[in-house]
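Peer 1: One structure, as C-alpha cells, below. Some questions next.
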Amino acid sequence: MATVWKSICVTGLAFWAIYYLIISTDSGYALTQSWSWQSPSSPERSDPFALRPEQHIFRRPHTISLHWNITREARRPDGVLKETYLINGQFPGPTVEARSGDELHITVYNGITGSNDGVAIHWHGITMKGFNEMDGAVGITQCAVGPGRTFIYKFQIDQQQHGTFWYHAHSAVQRADGMYGGLVVHKPVGKQRKSDLSVHGYDSEKLLLIGDWYHRSADRVLAEYKDFRSFANEPVPDSLLINGAGSYNCSNARPGKPVDCMNTETPVVHAHRGRVRLRIVNTGASAGYSLQLAGAAMKLVTVDGGGFVSKRTPWTSTIGVLYPGERMDVVLLPSGEQTARVLKIALDPELMQLMNPALTRMQEFPLKWTQPDSRSSRARGDRRELVDVVNLRDAQGVSTALDKVATDTALLYTSLAINSFKNNEPWGELNHTSWMWKDPYAKPLLAINATAWQNGTEQANPFRAFKVPQFEAGEERWMDLVVNNVDDRGHPFHLHGYEFYVLASRQDELGRAYNPFDNHGAEIPVNVRNPLRKDTVYIKPRGYIVLRLRLDAPGLWLMHCHVLWHQAAGMGTVLQVGDISEATARKAEDSCQGYEIISGHEGDNEAV
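FYI, the numbering used here numbers position 343 of the sequence shown as 386, with every residue one higher than the one before it.
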C-alpha cells in the first residue's frame, strides 16, 4: 500500500493541516492516523525556537534541502556591540527539525567579506555512519570553505537516531562568535502509535540554546589565553545568552576594556500550553551551568542525543551542571500548578580562576506562561517527591542489555600544561599528541596518505610525531575507551561519529590525588546494567572515564575537549576505525575544490 497525505498549507499567520496516513509496506504493520492542529497564537507563533514535532513524527523519511548564507555583522545580542556570525541573517542560525531517517542536503555559502575566514559546520552528535567526509572537521574530513565558495553537506540521519543535537563551526574559534544553531531529530510514531509527547506526558516543545558569551572577538580571547601571562588560566566570559539574547548591565563594563553598550530589557522565556519539553543545549565556549526554577518542578528525561535516563529520576527544581556541548531534555510543569515566574541560570565557576567583574555569574530570566493547561499532574498520577538538586553526573540510564565483551581497550591520557617549547603557551595533549592543523585550506587527513599526516600538524613538543591509533571496524566489535585526566581541571570531551555508554567515572574523594584507570590492576567496577548513552561527557579533575562503543562506523573521528580554548590549544586526537575507502578519500578531496558562485543563497527550505 502507498502513503497518501495532504500537504501543509500555510496561509498568513495560521495554518491548518490534516494528515491521512495509511502505512503498511516495509514495517509490516498498518496505521491510520487522522490529525489536525492550528498554529499557536502569539507569541509562540513567531518564536523560531518553538518546535513542531507534529510536522515530522507521522510522516515518512524524506529529503530536506536547506540553503545557508554565512555572513558577519555587528549585532547587540545582550546590548554590547560585537561582530557576530549570521546564517541567513539570523543569530543563532536557523533551527533544523527532522525525523529519524531523513536525508539532509545543506548548501553552505561563505558570504563573509573583508577576510580570508574559511568555515565548516559540524553536526554535533549525529553519528554520520557512512558519511565520514560530511562530519565538518577542518583538517580531518574537509578543507575549510573559503569566502565566496560553497560546500554541500549531504548525509542521512540514522533510522535509530533521534534527540537534541546542534550544529556549530568547526573552523578556528568561530563558535564563540555565534556560528551555531539547533538541530532536533524527532522520533517517529512506531507500531504502538506512541509518540514522545504521549510517553513523557507533555504538550509542546521548546529549544533553549544557552551559553556563555564574550564581548571581545574569539580570536582576541584566544590570543589572551595563549599569552604566557595568562598562566594557562581560562578567559572568563562577560555575559550569558539564551537563544541569542541577553541583558548586560552596562555599568559592569571595565574601564580598561570599554565596550559599546546599550541597556536592553531582559529576554523573556515563554512556556506554552501546559507541560513543555525543554530541549537545552550548552552552546558556550567555556562554562558549564545549572538551571533552577524556584517553586516549580522539572524532570530530566534524556541527555545528549536521546539517551534516556532512569524513570526513577526525581522531579527537581535545580539541574546541573551542563557542560559545553552537552544537552539535556527536561519536562516542565505548567503554570496552572506552579508559581514559577523566573528561570535562574548559574554559570559554573570551575574555569573562572581569573576575576571578571563584568560578569554576572547568576542571572534571572522572566518565565511567562501562555495558555496554561488546566489538567493536573496529580490527575495523571506521575507527580513524585521533589528533590532540591539533580546532579547530571549522578544520572543513570535505562536498563540496557550491554552484554557485549570489549574486543579492544584504548587508554588515553589527557593533559593541559604550560609548554616551554611554545613560549610558555598552554598546550593540550592526548597521549603526547596534539590536534593542531596548520593550514585550513590544505587537504585533510581523509584525502592524503597516512605517511603525510604528521606534516600538516603542529605538536606541543617538536620532537614528538603525530599519532593516530587505529582499530578494526565491525558490527560486533566493541571497544572500551578510557580517558585518564591528569589535569587539575575537568574537561567535557566529545567524540565525533559515535555514541557511547558511560560505564564508569571516578575522582578521588579528596579531589586532588590522581588515581588513573589501570586495566592490568584490580578489576574496576563498571555499570553495564543501566549506563547513560551520550556523545559528550565530563571527565573529572584527576579522574577517569570508561566508555564503551560499537566500532561500526569506519573513518577518521576527532575526539576533543569541548572547552573551545582547550580545543584550540590542541587538546584533541584522531581515532581511525577500519580502513578509509577510495571513494571517501575522493569526496574529502573534493571539499577542497568547493565551487564559486556569484552570490550567496538566501534561506530556502524544501522537503522533497
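Ideal Cβ positions, reconstructed from N, Cα and C, are used throughout, including at glycine.
For G224 and T106, which I take to be in contact (beta-carbon distance under 8 Å), what is that distance rounded to the nearest angstrom?
Peer 2: The residue labelled residue 224 in the question sits at position 181 within the sequence shown. The residue labelled residue 106 in the question sits at position 63 within the sequence shown. Actually they do not touch by this definition, with Cβ atoms about 19 Å apart.
Peer 1: Tell whether a beta-carbon distance below 7 Å holds between S458 and D531.
Peer 2: If you number the sequence shown from 1, residue 458 lands on position 415. If you number the sequence shown from 1, residue 531 lands on position 488. Taking 7 Å as the Cβ cut-off, S458 and D531 do not qualify as a contacting pair.
Peer 1: Go ahead and pull the three-state DSSP assignment for S273.
Peer 2: As a working mapping, residue 273 is identified with position 230 in the sequence shown. It is helical.
Peer 1: For G157, count neighbouring C-beta atoms within 10 Å of its own C-beta (all shown protein chains included) and say buried if the count is 16 or more, exposed if not.
Peer 2: For the purposes of this step, residue 157 is taken as residue 114 along the sequence shown, with counting starting at 1. Per the 10 Å Cβ criterion, exposed.
Peer 1: Within 10 Å of its beta-carbon, does E126 have 16 or more other beta-carbons around it, so buried, or fewer, so exposed?
Peer 2: Here the question's residue 126 lines up with position 83 in the sequence shown. It counts as exposed.
Peer 1: Output the distance between the C-alpha atoms of S634 and L618, rounded to the nearest integer angstrom.
Peer 2: In the sequence shown, counting from the first residue as 1, residue 634 sits at position 591. In the sequence shown, counting from the first residue as 1, residue 618 sits at position 575. Taking the straight line from one Cα to the other gives about 21 Å.
Peer 1: Spell out the partners DSSP gives N325 in its beta bridges.
Peer 2: Residue mapping note: residue 325 aligns to position 282 of the sequence shown, counting from 1. Paired residues: I253.
Peer 1: Residue range of the beta strand (DSSP E) that R593 falls in?
Peer 2: For the purposes of this step, residue 593 is identified with residue 550 of the sequence shown, where counting begins at 1. Unbroken beta strand (DSSP E) run through R593: Y587 to R593.
Peer 1: Thinking C-alpha only, which one of L284, P357 and H258 is nearest P278?
Peer 2: Against the sequence shown, residue 278 aligns to sequence position 235. The shortest Cα separation from P278 among L284, P357 and H258 belongs to H258.
Peer 1: For N467 versus L455, is the C-beta spacing smaller than 7 Å?
Peer 2: Along the sequence shown, read from residue 1 onward, the residue named residue 467 stands at position 424. Along the sequence shown, read from residue 1 onward, the residue named residue 455 stands at position 412. Result no, Cβ atoms of N467 and L455 do not sit closer than 7 Å.
Peer 1: Assuming P22 and N295 make a contact with CB atoms under 8 Å, what is their CB distance in whole Å?
Peer 2: An answer regarding residue 22 cannot be provided, because it is not within the stretch 44 to 651 covered by the chain.
Peer 1: According to DSSP, what are the bridge partners of T359?
Peer 2: Walking along the sequence shown from the start, residue 359 turns up at place 316. Its beta-bridge partners are M341 and V430.
Peer 1: Where do the ends of the alpha helix (DSSP H) carrying T150 lie?
Peer 2: Position 107 of the sequence shown, counting from 1, holds the residue named residue 150. That residue, T150, is in no alpha helix (DSSP H); its beta strand (DSSP E) goes E146 to N153.
Peer 1: CA-CA distance, F351 and F506?
Peer 2: Walking along the sequence shown from the start, residue 351 turns up at place 308. Walking along the sequence shown from the start, residue 506 turns up at place 463. Between F351 and F506, the C-alpha separation is close to 45 Å.
Peer 1: Please state the DSSP three-state secondary structure of A631.
Peer 2: Translated into positions along the sequence shown, residue 631 becomes position 588. In the structure shown, A631 sits in a helix (DSSP, three-state: H, G or I).
Peer 1: Quick one: what's got a C-beta closer than 6 Å to E649's C-beta in the same chain, skipping five residues either side?
Peer 2: Here residue 649 corresponds to residue number 606 of the sequence shown, with the count starting at 1. Low per-residue confidence applies at E649: pLDDT is 47, beneath 50, and the placement is therefore not dependable, though the value from the model is reported in the following sentence. S108, listed in sequence order.
Peer 1: D69: buried (16+ other C-beta within 10 angstroms of its C-beta) or exposed?
Peer 2: Locating residue 69 in the sequence shown gives position 26, where the first residue counts as 1. Low local confidence applies: a pLDDT of 36 at D69 is under 50, so the model's placement there is unreliable, with the coordinate-based value given in what follows. The residue is exposed, with fewer than 16 neighbouring Cβ atoms inside 10 Å.
Peer 1: In three-state DSSP terms, what is K125?
Peer 2: As a first step, residue 125 is located in the sequence shown; it is residue number 82 there, counting from the start. K125: strand per DSSP, three-state reduction.
Peer 1: Looking at C-alpha atoms only, which residue of E97, R263, F134 and I253 is the closest neighbour of R115?
Peer 2: Mapped onto the sequence shown, residue 115 falls at position 72. Among E97, R263, F134 and I253, the Cα nearest to that of R115 is on F134.
Peer 1: Taking the beta strand (DSSP E) that Q619 belongs to, which residues open and close that run?
Peer 2: Locating residue 619 in the sequence shown gives position 576, counting from the first residue. Note, Q619: beta strand (DSSP E), G615 to V620.
Peer 1: Hey, out of H313, E267 and D246, whose CA is closest to W412's CA?
Peer 2: Here the question's residue 412 lines up with position 369 in the sequence shown. For W412, the closest of H313, E267 and D246 by C-alpha to C-alpha distance is H313.
Peer 1: Ignore the nearest five residues each way along the sequence and tell me which others in E146's own chain have a CB closer than 8 Å to its CB.
Peer 2: Here residue 146 corresponds to residue number 103 of the sequence shown, with the count starting at 1. Within the same chain, E146 has close Cβ partners P104, H105, T106, I107, K197, F198, Q199 and I200.
Peer 1: Excluding the 5 residues flanking D482 on each side, which residues of the same chain have their C-beta closer than 6 Å to its C-beta?
Peer 2: Counting from one through the sequence shown, the residue named residue 482 turns up at place 439. Correct list: empty, nothing qualifies.
Peer 1: With DSSP collapsed to three states, give me the class of Q636.
Peer 2: Numbered from 1 along the sequence shown, position 593 holds the residue referred to as residue 636. Residue state, collapsed to three classes: coil.
Peer 1: Rounded to a whole number of angstroms, what is the C-alpha to C-alpha distance between E176 and T307?
Peer 2: Start at 1 with the first residue of the sequence shown, and residue 176 comes out as number 133. Start at 1 with the first residue of the sequence shown, and residue 307 comes out as number 264. Those two C-alpha atoms are separated by around 43 Å.
Peer 1: Bridge partners of M222, per DSSP?
Peer 2: To locate residue 222, count along the sequence shown from 1; it is residue 179. Paired residue(s): none; M222 is not in a bridge.
Peer 1: Give a yes or no on whether the C-beta atoms belonging to V364 and S329 are separated by under 7 Å.
Peer 2: Within the sequence shown, the letter at position 321 stands for residue 364. Within the sequence shown, the letter at position 286 stands for residue 329. Cβ distance not < 7 Å, so V364 and S329 don't count as in contact.
Peer 1: Following the continuous beta strand (DSSP E) through Q508, name the residue where it begins and the one where it ends.
Peer 2: For the purposes of this step, residue 508 is identified with residue 465 of the sequence shown, where counting begins at 1. The sequence shown places Ala at residue 508, rather than the Gln named in the question. Where A508 is concerned, there is no enclosing beta strand (DSSP E), given that its DSSP letter is neither H nor E.
Peer 1: Looking at P367: is its Cβ nearer than 7 Å to the Cβ of V606?
Peer 2: In the sequence shown, residue 367 corresponds to position 324, counting from 1. In the sequence shown, residue 606 corresponds to position 563, counting from 1. Going by C-beta atoms, P367 is nearer than 7 Å to V606.
Peer 1: Report the rounded CA-to-CA distance for N131 versus Q203, giving the unit in angstroms.
Peer 2: Taking the first residue of the sequence shown as 1, we reach residue 131 at position 88. Taking the first residue of the sequence shown as 1, we reach residue 203 at position 160. Approximately 30 Å between the Cα atoms of the pair.
Peer 1: Are the beta-carbon atoms belonging to G349 and G179 less than 7 Å from one another?
Peer 2: Numbered from 1 along the sequence shown, position 306 holds the residue referred to as residue 349. Numbered from 1 along the sequence shown, position 136 holds the residue referred to as residue 179. Taking 7 Å as the Cβ cut-off, G349 and G179 do not qualify as a contacting pair.
Peer 1: Report yes if the CB atom of L410 is closer than 7 Å to the CB atom of R436, and no otherwise.
Peer 2: Within the sequence shown, numbered from 1, the residue matching residue 410 stands at position 367. Within the sequence shown, numbered from 1, the residue matching residue 436 stands at position 393. With a cutoff of 7 Å on beta-carbon distance, L410 and R436 are scored as not near each other.
Peer 1: With distances taken between CB atoms, is the gap from L343 to V228 smaller than 7 Å?
Peer 2: Working through the sequence shown from its first residue, we reach residue 343 at position 300. Working through the sequence shown from its first residue, we reach residue 228 at position 185. Result no, Cβ atoms of L343 and V228 do not sit closer than 7 Å.
Peer 1: When the Cα of L538 is compared with those of T616, A628, V448 and G317, which residue comes out closest?
Peer 2: What you label residue 538 is simply residue 495 of the sequence shown in a count that begins at 1. Nearest C-alpha to L538: T616.
Peer 1: Using a Cβ-Cβ cut-off of 6 Å (strictly less than) and excluding sequence neighbours within five positions of Q396, which residues of its own chain qualify?
Peer 2: Taking the first residue of the sequence shown as 1, we reach residue 396 at position 353. These residues qualify, in order along the chain: N276.
Peer 1: In chain order, what are the residue ranges of uninterrupted beta strand (DSSP E) at least 3 long that sit wholly in the segment 472-540?
Peer 2: 521-528 and 534-538
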